[in-house]
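Visitor:
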Amino acid sequence: MALSSTNLNDHLYSTNLSLGDLFNNHTFAHDPSGLVPIIDSWAPQLQNSGIAVLDTVAGELNQLKSYIQAGDRVGTSTLLQRLGEQSSKAASNTHEVAGNHLHNGLGDQLRHLGQLLIMASGNLKVS
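If you use this note's numbering, the sequence shown corresponds to residues 804 to 930, in order.
#1: By the DSSP assignment, the alpha helix (DSSP H) with I871 in it spans what residues?
#2: Relative to the C-alpha of D817, which candidate in Y870, H915, A923 and I921 has its C-alpha closest?
#3: Mind checking which residues open and close the alpha helix (DSSP H) that includes G878?
#4: With distances taken from CA atoms, which of S890, V839 and R885 is nearest A873?
#5: Quick one: what does DSSP say A901 is sitting in, helix, strand or coil?
#6: For the segment 908-927 against the segment 877-891, do three or more pairs of beta-carbon atoms, one drawn from each stretch, fall closer than 8 Å, so that the two count as touching?
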């Protein structure tokens, strides 16, 4: 699937809902493997985008998956923190409106994603 503003926004919205549910599940801090299907839904799209920065993110997602599967909580937490910070930084420069959601700007979706990833990183550190 080609990344357009609308389908990117829709996928981000859906991902944010899934991440919110996953991170609010009290087992996440003990078993972050629920992230793997979400990573698997993003990595192929980003790898095939033809955009260098998205290829980099895809590589980081694949590394995150490796950390999770190896049980490397420190690596997982550190990479979630970095991805959250990168998402938040990208949000500050993104003002495109797309989709039919309550907060329908891509920047809003990226900002929410950043917050969720940073929260997840913190949850792994304290457990």
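We treat Cβ as the ideally placed atom computed from N, Cα and C, and that holds for glycine.
Remember, it's a predicted structure, so these values are computed and weren't measured experimentally.
Guide: On the basis of the data shown:
#1: As a first step, residue 871 must be located in the sequence shown, where it is residue number 68. Looking at the DSSP string, the run of the alpha helix (DSSP H) that includes I871 is A855 to A873.
#2: The count along the sequence shown starts at 1 and reaches residue 817 at position 14. In the sequence as presented, Asp is not what sits at residue 817; that position holds Ser. Of the listed residues, the one whose Cα sits closest to S817 is H915.
#3: Position 75 of the sequence shown holds residue 878. Its alpha helix (DSSP H) spans residues R876 to A894.
#4: In the sequence shown, counting from the first residue as 1, residue 873 sits at position 70. Of the listed residues, the one whose Cα sits closest to A873 is V839.
#5: Walking along the sequence shown from the start, residue 901 turns up at place 98. Note that A901 has pLDDT 48, beneath the 50 cutoff, so the model's placement of it is unreliable and no number is given.
#6: yes
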